[in-house]
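Using this note's numbering, the letters of the sequence shown correspond one by one to residues 1 to 165. A virtual CB, placed ideally from N, CA and C, is assigned to each residue, including glycine. Read through the structure below, which is laid out as structure tokens, and then see the notes.
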Amino acid sequence: MSGKLVFALSLIVLAALSRLLPHPPNFTPVAAMALFAGAVIADRKLALVVPLLALLLSDLLIGFHNTMLYVYGSVALMTALGFVLHKQRSAGRVLGYSIASSVLFFMLTNLGVWLQGGYPMTASGLVSCYVAAIPFFHNTLIATVLYSGLLFGADYLWRRRLAYS
Numbered sequence: 001m002s003g004k005l006v007f008a009l010s011l012i013v014l015a016a017l018s019r020l021l022p023h024p025p026n027f028t029p030v031a032a033m034a035l036f037a038g039a040v041i042a043d044r045k046l047a048l049v050v051p052l053l054a055l056l057l058s059d060l061l062i063g064f065h066n067t068m069l070y071v072y073g074s075v076a077l078m079t080a081l082g083f084v085l086h087k088q089r090s091a092g093r094v095l096g097y098s099i100a101s102s103v104l105f106f107m108l109t110n111l112g113v114w115l116q117g118g119y120p121m122t123a124s125g126l127v128s129c130y131v132a133a134i135p136f137f138h139n140t141l142i143a144t145v146l147y148s149g150l151l152f153g154a155d156y157l158w159r160r161r162l163a164y165s
């Protein structure tokens, strides 16, 4: 088995397990792993498969829900944001893209909640949906920034170690 495949499978297993272990709402490394996969896995198809397969495997145990399309779509878009980071990674860019990923997830998944009939189909209903979701956003943001820092930081240190050995 190639090193790239082992790396991808490790990310899948870690992301899936992180969703199964007890954690505060929306405090998982999935968004950070999607961004990271997009940035470091050269094969874009594989980079997209990694976080989506992690979601699917954990959803098989957690259960499926009516907003899955929006969650999976958000994660695919986060991976695509990682493609942009592929050639130019810096702490500032990783932080910015982590924040953008969190906002993207918040906007798309809560739009999905509203579109699925969770709130009245009015502008007021949409605003109510977003307002009700605000308490969950800080966990998404903190987790994505924290785990992105860990993943990209570890990758930086690993590459630096290889360069000096």
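Contact defined as beta carbons within less than 8 Å: I believe residue i pairs with residue j. What is the distance between those atoms, to the nearest angstrom?
i: Leu35; j: Met78; result: 5 Å
i: Thr109; j: Val71; result: 6 Å
i: Ala15; j: Met33; result: 5 Å
i: Val75; j: Val13; result: That pair is no contact at about 16 Å.
Pick helix, strand or coil for residue i, following the three-state DSSP scheme.
i: Ile41; result: coil
i: Arg89; result: coil
i: Phe64; result: coil
i: Thr109; result: helix
i: His138; result: helix
i: Leu21; result: coil
i: Tyr97; result: helix
i: Tyr130; result: helix
i: Thr144; result: helix
i: Tyr164; result: coil
i: Pro51; result: helix
i: Val152; result: Per the sequence presented here, residue 152 reads as Phe, with Val not at that position. In this structure, Phe152 counts as helix in the three-state DSSP scheme.
i: Thr122; result: coil
i: Thr79; result: helix
Just the C-alpha distance for residue i and residue j, rounded to the nearest angstrom, thanks.
i: Ser148; j: Val94; result: 7 Å
i: Pro51; j: Phe64; result: 16 Å
i: Lys45; j: Ser128; result: 37 Å
i: Met107; j: Tyr164; result: 43 Å
i: Thr174; j: Ser10; result: There is simply no residue 174 to check, as the chain begins at 1 and stops at 165 in what is shown.
i: Pro135; j: Ser124; result: 19 Å
i: Pro22; j: Tyr119; result: 28 Å
i: Val131; j: Leu162; result: 47 Å
i: Gly112; j: Val103; result: 14 Å
i: Leu53; j: Leu157; result: 27 Å
i: Asp43; j: Arg159; result: 19 Å
i: Ala143; j: Asn26; result: 8 Å
i: Leu60; j: Asn66; result: 14 Å
i: Gly92; j: Gly153; result: 12 Å
i: Ile99; j: Val6; result: 28 Å
Once you ignore the five residues that flank residue i on each side, which residues in its own chain have a CB closer than 6 Å to its CB?
i: Arg19; result: Thr28 and Ser58
i: Ala47; result: Ala37, Gly38, Ile41 and Thr79
i: Leu151; result: Ala32 and Phe36
Go through its chain and collect everything with a Cβ distance to residue i's Cβ below 7 Å, but skip five positions before and after it.
i: Ala80; result: Gly38
i: Tyr97; result: Leu35, Leu81 and Leu85
i: Met121; result: none
i: Asp155; result: Val40
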